[in-house]
Amino acid sequence: MEQLCNLLDVLCPMHLTLDRTGHIDHVGPTLAKLRPGEVIVGERFLEVFELRRPQAVTRMSDLMALAGNKLHLRFRDAPRTGLKGVLVPAPGGGGGAVIDLSFGISVVDAVRDHALTAADFAHTDLTIEMLYLVEAKSAAMEASRKLNQRLQGAKIAAEEQAFTDTLTGLKNRRAMDHVLARVAENGGRFALMHLDLDFFKAVNDTQGHAAGDHVLQEVARILVEETRREDTVARIGGDEFMLLFADRMTRRRLEDISRRLIARLERPIVHGEAECRISASIGIAMSEDYPDLDIARMQEDADIALYASKHNGRACHTFYDISLRNAPYVGAAPPGRGEVTLR
Amino acid sequence: MHGLINRAIQCFYRDTYGAAAWADLVRRLDLDFTEFEPMLQYECSLTYRMIDAMAAALGKDRDVVLEDIGTFLITNPAAEAPRRLLRFGGYTFLDFLHSLDDLPDRARLAVEDLVLPVLELREHGLNQFSLRCSGDPPGMGHVLVGVLRAMADDYGALVFLEHAGTVQGAEVIEITLIEAAFAEGRTFELGMARAEGT
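Have a look at this one:
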């Protein structure tokens, strides 16, 4: 038996042997290291270890019946390291047994908790390679995670700096603010048209968001077609658009453009089998009406004019006039505005 | 060249000579970025230009810079991973030397697209070895000399190392193990993975 133990100490340093009464009579060097300063030789195996699977094993004869099966165990006292094991009857027919143990999946924690080194594992044991892999993969994952974080941050920053509305390809509000700031600086004349779709919410609600998105894309196409290259078209809200007409524009021309825009937008837009019907309300402010150009004020005025169009039954345009500010509906809830938020 | 290698070279220069020196090098190299990403691939020529620029800026021999990079890889306290991962190779310095043949495979297990030069250890006597290093990048032998010197220290072994030039396309490093347990060395516990991985 002693020869066997010497052999097993090298091959299976986490083994132990039991005598015929189920008491431990030899412990491999690594297993001994798990209980430093404690003598488990002489203790009853089932009092040191809890057999978690199979359960209800209380006697040595039960244990012997499990020979060759996979055992799940753990120490009864802390640290309650989980172990896997297998029992074989000791040679010689004396009724004893050899149990070899290993850490199983808890190996990373166990190695740390018990400060084990490479010398504690058999040379053929793959534990060291596994620990190497765990550590190497963790380091590689960490590097990848950081890269992903940086890329994510860069993507968000790029989106924040973007000037394009991704759904329609038009400029967005940010871009429009930049264009407005530039024309204000240059001091040239221009007109601002605030356009809000009518009945768009109904399309979204009844035909779904896909139809709504399709309508917005068609609207964008029409707005671009009906304007010149030097004009700016932006989607500034869910169904709100802002058009900037560069250079001097007469009221007459702006009226023509407004009527043509509304007429084209009122043509049914086909989406799948459905026909989507919308219209548009327009408010216009012209820079020549402002002795001291104030972009914010002009935007506000275009919005007031739009509001007037909505109030006048939609599907029409209104030029800003100071009298609109005293209209009886000012301050009331805007009809049909603000229903759709930018998705 | 793998970003991990470029990143390591960047860290070596920045941590040793300062952020201003690194910024200066970025300008010299006319890079359109300031940091290498460890998980991306870069043109090999960039790595060679970077090392040449470092040697020029420091007024040092290229080989010396390469060896310094190798030493830094192992001794840099901010990045324990290379030292720890190499220590998994063996319980003693001799074990470690014998594990070097597996090093490229080990590296590939960790990071699939990380290609390291082929290493071959030859034994010429009880304590006499030579390590052949072939493949890109050229000059990797000098980096290895730095790595081996630092690892010997780490194990507490006393060794004599010499880059013996290039023979039949492979760089050759002569290794004489004078005393395996010369000094205490640094401790290595297997189970540090979680504490350091975070």
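Residue numbers (this note's numbering), protein chains in the order written: chain A, 1 to 343; chain B, 1001 to 1198.
Where a beta carbon is used, it is the ideal one built from N, C-alpha and C, also for glycine.
It should be emphasised that the depicted structure is a prediction, and the values quoted were computed from it without experimental measurement.
In this structure, DSSP gives G1135(B) a state outside helix and strand, which the three-state scheme calls coil.
Around the beta-carbon of P1117(B), 16 or more other beta-carbon atoms lie within 10 Å, marking it buried. Interface residue (Cβ-Cβ distance to chain A less than 8 Å): E1120(B) is not classified as such.
With the rule of 3 Cβ pairs closer than 8 Å, the segment 311 to 320 of chain A counts as touching the segment 282 to 289 of chain A. Straight across, the Cα-Cα distance linking I257(A) with E273(A) is about 30 Å. Rounded to the nearest angstrom, the Cβ distance from I99(A) to G82(A) is 15 Å, too far for a contact under 8 Å. Inter-residue distance for K146(A) and E1037(B) is about 9 Å (C-alpha atoms, whole angstroms). For K137(A), the neighbours in chain B by C-beta distance under 8 Å run, in chain order, A1110. Under the Cβ criterion of 8 Å, E1174(B) is not counted among the residues facing chain A. Of all residues in the segment 1066 to 1087 of chain B, only A1081, R1084 and L1085 come within less than 7 Å of chain A when Cβ atoms are compared, listed by chain position.
For P1104(B), the enclosing alpha helix (DSSP H) has its first and last residue at L1103 to A1110.
Legend: CB atoms of the segment 1181 to 1192 of chain B lying less than 8 Å from CB atoms of chain A belong to residues F1188, E1189, L1190, G1191 and M1192. Beyond the five residues adjoining it in sequence on each side, N172(A) comes within less than 8 Å, by CB distance, of A162, F163, T164, D165, A234, R235 and I236 in the same chain, given in chain order. Assigned with DSSP and collapsed to three states, T1092(B) falls in coil, not helix or strand. In the three-state scheme derived from DSSP, where H, G and I count as helix and E and B as strand, C316(A) is classed as coil. Against chain A, the CB of E1043(B) has no partner CB under 8 Å away; the residue lies outside that interface. Contact annotation: in the segment 1035 to 1062 of chain B, residues whose CB is within less than 7 Å of a CB in chain A are E1037, P1038 and M1039. With contacts defined as CB atoms closer than 8 Å, L31(A) and L16(A) qualify as a contacting pair.
Counting C-beta pairs with one atom in each stretch, the segment 1143 to 1162 of chain B and the segment 1173 to 1182 of chain B have three or more that are closer than 8 Å, which means they touch. A straight-line Cα-Cα distance of about 23 Å links F1012(B) and F1188(B).
The secondary-structure analysis by DSSP pairs L83(A) across a beta bridge with L73(A).
In this model, F1088(B) and P54(A) are separated by some 36 Å (Cα to Cα). Identification of chain A residues near Y1091(B) by a Cβ-Cβ cut-off of 8 Å yields T117, A118 and A119, ordered along the chain. Listed along chain B, the residues sitting closer than 8 Å to I128(A) by beta-carbon distance are F1088 and L1190. Going by DSSP, L16(A) is part of no alpha helix (DSSP H) but of the beta strand (DSSP E) stretching over H15 to L18.
Nearest to D1032(B) by alpha-carbon distance, out of R1186(B), L1046(B), M1054(B) and A1081(B), is L1046(B). Under the 10 Å beta carbon count, K155(A) is surrounded by fewer than 16 other beta carbons and is classified as exposed. A Cβ-Cβ contact shorter than 8 Å links D247(A) with R189(A). One Cα belongs to P1077(B), the other to F1096(B), and the distance between them is close to 21 Å.
Counting only runs of 3+ residues, the beta strand (DSSP E) found wholly inside the segment 208 to 293 of chain A occupies 232 to 235, 240 to 246, 269 to 271, 274 to 276 and 279 to 286, in chain order. Within the segment 88 to 136 of chain A, the complete beta strand (DSSP E) segments of 3 residues or longer fall at 97 to 102, listed in chain order. Assignment of M1039(B) by DSSP, reduced to helix, strand and coil, places it in the coil class. When the five nearest sequence neighbours on each side are left out, the beta carbons in the same chain lying within less than 8 Å of the beta carbon of N69(A) are those of P54, V86 and L87, in order along the chain. Legend: CB atoms of the segment 142 to 168 of chain A lying less than 7 Å from CB atoms of chain B belong to residues E142, A143, S144 and L147. Between V1026(B) and I1074(B), the C-beta gap is not smaller than 8 Å, which leaves the two residues out of contact. If you keep only unbroken beta strand (DSSP E) runs of at least 3 residues inside the segment 1139 to 1189 of chain B, you get 1158 to 1167 and 1170 to 1179.
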